[in-house]
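Let me begin by presenting the structure, written as structure tokens, before commenting on it.
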Ligand code: GLU
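Numbering (my numbering), first residue to last: 137 to 556.
Dropping the structure here:
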């Protein structure tokens, strides 16, 4: 999280976003209070045996934000800057993301404060298994289903699935999504976040008459989401990706980058920088490039009041969670930049997670083509609903998306009533 002080505390931002939409949809004050409060939070401090035999204590969190619409859903991230407020915000955003996509889920998120880049595979496995045991009382296919997020992947999910299953005494594939296909994962899940983002961009471009073929693109972040969307937008839409970056820095070539080759370079050297034939560019300057489409695909708080007025892209597609602050949202809206908000633009991941969970529960698996077609249909439908709602209220797409999402959760709460 690249925070710039208290005003960029992600949970304060998440609450502010609810206040903004509450006015637009006339939300009841009591319901607003419920929606601004995480339902359940678990903090765990747990020891891990490091490679040198010594013990080290790590801190992790699982926040279940709201489960009015179904089991909680959301990833687990490993990052040195994880904090409880960050996890709360991410759990809130998962709630709205599942709701705007009309998935029968609530929202949750987890995180462990650690630096996986400095850990061996063995240490990561021990950390993951112990964290999984610590949060085991809260997770399960009917209760809360984790998935990959920043610096976690299908292997992390395999360890969690195994740890949970060993405790139960039988295999429980539906306890996590984003697993390897060999143990109950879904075809298409690996690239789903990037693929969904590509569909959202295609739909938005169509609506505003922007040709994606030949359109220039910059992508900040080259992980689970960024590398895939960079690849698909060039291969399937014919756009020209001129810049990409990772946490160490970026590369730029106005003639376009061959993303498959950049991927190979990153796999070999661990970074995108140093890619032959490209100029160096900083993460900050990449955001300000004169491109048609900008895709923030890294962390929170990248587009802020400080740089929003310098964003030149016509479409900003948030493959990351929380990359734009509310102040920056206002500037972009005034400048007529189309923002595809995170809860829509990166929802392809959780949508295919939902497909994976359904397949696990049924024990019946679908071909990749079916997965992608269903994802495409859900993305197109949800994009249209968001854009129509934004137009109806005269607000930006984020508030349009929140109007749909928050209203659905509020309706579930109202219908169910308060227990006891
Ligand atoms: N971590 C991803 C997200 O932020 C995926 C969550 C999931 O599949 O549950 O949407």
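Think of the CB as a built atom: it goes at the ideal place given N, C-alpha and C, for glycine as much as any other residue.
Within the stretch 412-449, complete alpha helix (DSSP H) segments of at least 4 residues are found at 419-423, given in chain order. Across the structure, residue 450 and residue 544 are spaced so that their CA atoms are roughly 30 angstroms apart. Residue burial is scored here from C-beta neighbours: residue 193 has fewer than 16 other C-beta atoms within 10 angstroms and is therefore classed as exposed.
Its chain contains 207 as the residues whose beta carbon lies nearer than 6 angstroms to that of residue 279, once the 5 sequence neighbours on both sides are disregarded; these appear in chain order. Excluding the 5 residues flanking it on each side, residue 541 has same chain C-beta neighbours closer than 7 angstroms at 232, 235, 236, 479, in chain order. DSSP links residue 183 through a beta bridge to 193. Within the stretch 269-301, the complete beta strand (DSSP E) runs of at least 3 residues fall at 280-284. A straight-line Cα-Cα distance of about 15 angstroms links residue 341 and residue 331. Using a C-beta cut-off of 8 angstroms, the stretch 209-216 makes no contact with the stretch 159-174, since fewer than three inter-stretch Cβ pairs fall below that distance. Excluding five sequence positions before and after residue 252, the CB atoms of its chain that fall closer than 7 angstroms to its own CB belong to 214, 260, 287, given in chain order. In the structure shown, residue 208 adopts extended strand secondary structure according to DSSP, grouped into three states. A buried status is given to residue 518, since no fewer than 16 other beta-carbon atoms sit within 10 Å of its beta-carbon. Excluding sequence positions up to five before and after residue 473, its CB lies within less than 7 angstroms of the CB of 447, 449, 450, 452, all in the same chain and listed in chain order.
Note that the C-beta distance between residue 539 and residue 532 is not below 8 angstroms. A straight-line Cα-Cα distance of about 17 angstroms links residue 316 and residue 364. Remark: C-beta atoms of residue 274 and residue 153 do not approach each other more closely than 8 angstroms. Separation of residue 166 and residue 241 (C-alpha to C-alpha, rounded to the nearest whole angstrom) is 22 angstroms. Setting aside the 5 residues that flank it on each side, residue 361 is surrounded in the same chain by 329, 330, 333, 433, 455, 456, 482, 485, each with a C-beta closer than 8 angstroms to its C-beta; the list follows chain order. Restricting attention to 243, 529, 225, the CA atom closest to the CA of residue 489 is found in 243.
Judged by the Cβ position, residue 392 fails to qualify as a neighbour of the ligand GLU at the 7 angstroms threshold, every heavy atom of the ligand being at least this far. Residue 395 is a Cβ neighbour of residue 367, given a cutoff of 8 angstroms.
For residue 233, the Cβ falls inside the 7 angstroms cut-off from some heavy atom of the ligand GLU.
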